[in-house]
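Here's the structure we're looking at; comments come further down.
There are 2 protein chains.
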Amino acid sequence: MRISQLFTKTSKSAPADEVAKNAQLLIRAGYVYKVMAGVYAYTPLGLRVLENIKQVVREEMNVVNGQELIMTNLQPKETWQTTGRWDDDVVDVWFKTQLKDETEIGLAWSHEEAIMEMMQQFVKSYKDLPTSVYQFQTKLRNELRAKSGIMRGREFVMKDMYSLHASADDLDTYYNSVIEAYKRVYARLGLGDDTYVTFASGGAFTKFSHEFQTICDAGEDILYVHREKNIAVNEEVLEDAIAELGIDRNELEKVKSAEVGNIFNFGSEKSEQMNITVTSKKGQQQPIYLASYGIGITRVMGVIVEKFADEKGIVWPESVAPAKVYLVRIGGEASIAKADELYADLKTAGIEVLYDDRDERPGAKFADAELMGIPYRVTVSDRLLESDSYEYTVRSSGETQILTREQLHDIIN
Amino acid sequence: MRISQLFTKTSKSAPADEVAKNAQLLIRAGYVYKVMAGVYAYTPLGLRVLENIKQVVREEMNVVNGQELIMTNLQPKETWQTTGRWDDDVVDVWFKTQLKDETEIGLAWSHEEAIMEMMQQFVKSYKDLPTSVYQFQTKLRNELRAKSGIMRGREFVMKDMYSLHASADDLDTYYNSVIEAYKRVYARLGLGDDTYVTFASGGAFTKFSHEFQTICDAGEDILYVHREKNIAVNEEVLEDAIAELGIDRNELEKVKSAEVGNIFNFGSEKSEQMNITVTSKKGQQQPIYLASYGIGITRVMGVIVEKFADEKGIVWPESVAPAKVYLVRIGGEASIAKADELYADLKTAGIEVLYDDRDERPGAKFADAELMGIPYRVTVSDRLLESDSYEYTVRSSGETQILTREQLHDIIN
Chain A
3 MRISQLFTKT SKSAPADEVA KNAQLLIRAG YVYKVMAGVY AYTPLGLRVL ENIKQVVREE
63 MNVVNGQELI MTNLQPKETW QTTGRWDDDV VDVWFKTQLK DETEIGLAWS HEEAIMEMMQ
123 QFVKSYKDLP TSVYQFQTKL RNELRAKSGI MRGREFVMKD MYSLHASADD LDTYYNSVIE
183 AYKRVYARLG LGDDTYVTFA SGGAFTKFSH EFQTICDAGE DILYVHREKN IAVNEEVLED
243 AIAELGIDRN ELEKVKSAEV GNIFNFGSEK SEQMNITVTS KKGQQQPIYL ASYGIGITRV
303 MGVIVEKFAD EKGIVWPESV APAKVYLVRI GGEASIAKAD ELYADLKTAG IEVLYDDRDE
363 RPGAKFADAE LMGIPYRVTV SDRLLESDSY EYTVRSSGET QILTREQLHD IIN
Chain B
3 MRISQLFTKT SKSAPADEVA KNAQLLIRAG YVYKVMAGVY AYTPLGLRVL ENIKQVVREE
63 MNVVNGQELI MTNLQPKETW QTTGRWDDDV VDVWFKTQLK DETEIGLAWS HEEAIMEMMQ
123 QFVKSYKDLP TSVYQFQTKL RNELRAKSGI MRGREFVMKD MYSLHASADD LDTYYNSVIE
183 AYKRVYARLG LGDDTYVTFA SGGAFTKFSH EFQTICDAGE DILYVHREKN IAVNEEVLED
243 AIAELGIDRN ELEKVKSAEV GNIFNFGSEK SEQMNITVTS KKGQQQPIYL ASYGIGITRV
303 MGVIVEKFAD EKGIVWPESV APAKVYLVRI GGEASIAKAD ELYADLKTAG IEVLYDDRDE
363 RPGAKFADAE LMGIPYRVTV SDRLLESDSY EYTVRSSGET QILTREQLHD IIN
């Protein structure tokens, strides 16, 4: 994509009321636009990042036989009354509105009840289980405060998966396979080394709930980590964990962390509350076992920004970057022709390129390349033209090389 | 995809309160699930159809240099007050809700004002124009009645594009290029022959608004069509049209039709109301010219169902079908092996297949294939095995052929 064609522009400052680093950088670099506190639009570049993250998650959910669908924002009150979760004292993030006839309806903050209600129509027998469905849904949550940028929005994109099983054992097996799928997701997103399945409240690696936490200074949580043993403990259960796991408190490193995923085992609770059953092998009615698995897609995007950004701007891992190459053109006609040619070549090779074809100072182009965090910058200039070479710079390390065309192609492909 | 793995099942009946044919068929075939009146979830099969329609639209919007982004559902009151459209007497489909501090907010039913407000940040000079952005957004509209299935939902998916220009002339040129893009969209969706740009209220092919109407018995509009001259006139402006176009009333055919797209030329009205300007060539502040272009994605899906369905069920055009082939397996081990092999072969060739691998009566499988509307049915059976052949049936015509493997591959690819 030619930068001259993008309607977004970088800017030196973010809105004064924006205190989160992730949103400040994403706004300055032209990835998001702030509509109101906790509510952000995603520009063409931001949407590409979101779609890249979604595609990684989608592929891994498909590996565990998840079937993608899309539920609804509008929710009938009755769906949530059966479990008590319509009550604002039980769930304090509901946005509610009403139809013309004053029927009260809710805006989905989650979908467990909605999924169970729908499944009632299709799942009649133990033979119809297990089944697993997921969606990428825009969730609306009426958060009291929204000061963490896209890490905690009032409107955000979530991947939520729900698995239904005929037995607790079958659920456990599947639940563990999703833990592995989540590990693959975070590894592919560049967060693998610093993301832990945590020892959270509810007992030793409880079967009732797990969090995935990424070490990150902007995180809202405190984690005690034993990197060698690959153990991470939430602060609130530190004493229990020390006792239970027999670990030495002094070997634990205290770090700030951000939740990047959470999974819940509801057992047969929802099924029983909602009175939704299937026929068992013995021909009797039995409850359905349910687990849910969330990844905040926009939240993960925010964590990636917070974690890897440096003083110059964003640093995207290659797997999520909106383009692999930022092509800078400096100089006269010959350089323009050479850059145009390289742009066409790279596109033909299927490589996404942001081509800075603007008439701007070199310094401004380099600064934008850095702010926008594109993994590899390639520069074509009159000076480089003399030796028929290209300047190649890695965003994450700053390492720069002067390369021949052949070397450039080898290194980029 | 193996049908045994799909959680959805076909059914003989739709919910009693569902009066629209499109929703009845889509529910029975397992494409949508009704959450409440005018609010439908899309199952894995339904989501595929939606994504196919979106992809056709996306490709054509990209041809006219549209840049895809995603705006927000939650909208501040202030954005819409500047143009008077926050008022429920002016816009009677708002869903509204409030933040914890009782700040009133709206749920987006459209995005003109939101786009203009965002663009204010990026578009400063005539040099930044023209620019065109679009999104696939879930819109919420508080419709008084919702009895047309997915053709008029309270929650639905819309492609809305917005183009901004420095002059009325530039807008007109672009506007006409979008009309051509829309024609390509409907042609690719199989609706081309029966879709017209209509002579609507506001004068002869007014520059202020155009509708795209598809001849369809389930439509809510009445159209007078001159097929030879490729002219269609909305009922309410029939007299004007006859006078203006000099056509003979008797040559016009009266048909029912459904709106499948509409485009509006706002001129500089929004810009002036919202006080958003750019610097002109002469260095003065000048207004921005705005047009918007909508296609209801879910609505189009409903129109396609209504238009092509027959007494056996849905008939998808190939461009939107969730799979190209419905593979029916009948018989014993040898047939199973042969069907498995064909399934693998077709998948390898990149052809989407719904493989009916269930232990069901042949009649039930054939009925499901027809209800679900997959373009081509291929049957493998013990009897066909004897002659090493396949039965191939076209859903739209019912035409059946017995083919060799080579013939089958030729006809499907």
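Chains as they are written, first to last, in the working numbering: chain A, 3 to 415; chain B, 3 to 415.
Backbone N, C-alpha and C fix where the C-beta goes; we use that ideal spot for every residue, glycine too.
Local conformation of residue i per DSSP, three classes
i        : result
B:Lys11  : coil
A:Asn236 : strand
B:Phe207 : Its pLDDT being 44, under 50, B:Phe207 is placed unreliably in this model, and the value from its coordinates should be taken loosely. In this structure, B:Phe207 counts as coil in the three-state DSSP scheme.
A:Phe178 : In the sequence on display, residue 178 of chain A carries Asn and not Phe. DSSP places A:Asn178 in helix when its eight states are reduced to three.
B:Lys367 : helix
A:Val322 : coil
A:Ser399 : coil
A:Asn75  : coil
A:Met3   : coil
Chain A residues whose Cβ lies nearer than 7 Å to that of residue i
i        : result
B:Ile72  : Ala43, Tyr44 and Leu49
B:Lys102 : Asn144 and Leu146
B:Arg156 : Leu76
B:Lys98  : Thr99
Residue i burial status per 10 Å Cβ neighbour count (16 or more: buried)
i        : result
B:Glu241 : exposed
A:Trp129 : Here residue 129 of chain A is Lys; the residue named in the question, Trp, does not match the sequence. Burial call: exposed.
A:Pro377 : buried
B:Glu274 : exposed
A:Val21  : exposed
A:Ala206 : Residue confidence for A:Ala206 is low, a pLDDT of 42 falling below 50, so the modelled location carries little weight; the figure read from the coordinates is stated next. Exposed, because fewer than 16 other Cβ atoms sit within 10 Å of the Cβ of A:Ala206.
A:Leu146 : exposed
B:Pro17  : exposed
A:Lys349 : exposed
A:Ser391 : buried
A:Gly68  : buried
A:Arg331 : buried
A:Glu80  : exposed
B:Leu410 : buried
A:Val355 : buried
A:Gly315 : buried
B:Asp94  : exposed
B:Arg143 : buried
B:Gly108 : buried
Cβ-Cβ distance between residue i and residue j below 8 Å
i        : j        : result
A:Val37  : B:Leu76  : yes
B:Leu28  : B:Ile152 : yes
A:Ser169 : A:Tyr291 : yes
B:Thr12  : B:Arg30  : yes
B:Ile265 : B:Tyr394 : no
A:Lys161 : A:Ile299 : yes
B:Val180 : B:Gln215 : no
A:Glu62  : A:Ala183 : yes
A:Val322 : A:Ile5   : no
A:Thr140 : A:Glu157 : yes
B:Leu329 : B:Ala341 : yes
Segment limits, beta strand (DSSP E) that includes residue i
i        : result
B:Ala351 : Counting along the chain, B:Ala351 falls outside any beta strand (DSSP E), and DSSP gives it neither H nor E.
B:Arg331 : Val327 to Ile332
B:Gly296 : Tyr291 to Gly298
A:Phe124 : Run containing A:Phe124: none in the beta strand (DSSP E); it sits in the alpha helix (DSSP H), Glu114 to Phe124.
B:Lys102 : Element bounds for B:Lys102: n/a, residue is neither H nor E.
B:Glu274 : No beta strand (DSSP E) contains B:Glu274, which is instead part of the alpha helix (DSSP H) from Glu271 to Met276.
B:Met163 : Glu157 to His167
B:Ala25  : Element bounds for B:Ala25: not the beta strand (DSSP E) but the alpha helix (DSSP H), Lys23 to Arg30.
B:Gln139 : Thr133 to Leu142
B:Lys56  : Here B:Lys56 belongs to no beta strand (DSSP E); instead the alpha helix (DSSP H) covers Pro46 to Val65.
Proximal chain B residues relative to residue i, where beta-carbon distance stays under 7 Å
i        : result
A:Lys349 : Per Cβ cutoff of 7 Å: no residues; A:Lys349 is ~14 Å from chain B at best.
Contact set between residue i and chain B, taken where Cβ atoms lie within less than 8 Å
i        : result
A:Tyr35  : Met120 and Gln123
A:Val135 : Phe9 and Pro46
Endpoints, the alpha helix (DSSP H) within which residue i is located
i        : result
A:Val382 : Note, A:Val382: premise wrong, no alpha helix (DSSP H); beta strand (DSSP E) at Tyr378 to Ser383.
A:Leu146 : First-last for A:Leu146: undefined, no H or E at that position.
A:Leu410 : Arg407 to Ile414
Listed by chain order, chain A residues near residue i by CB distance under 8 Å
i        : result
B:Met38  : Leu76, Pro78 and Ile107
B:Thr140 : Asn75 and Thr140
Where residue i meets chain B, residues with beta-carbon distance less than 9 Å
i        : result
A:Gln215 : Going along chain B, no residue has its Cβ under 9 Å from A:Gln215, so there is no contact; the nearest lies around 27 Å.
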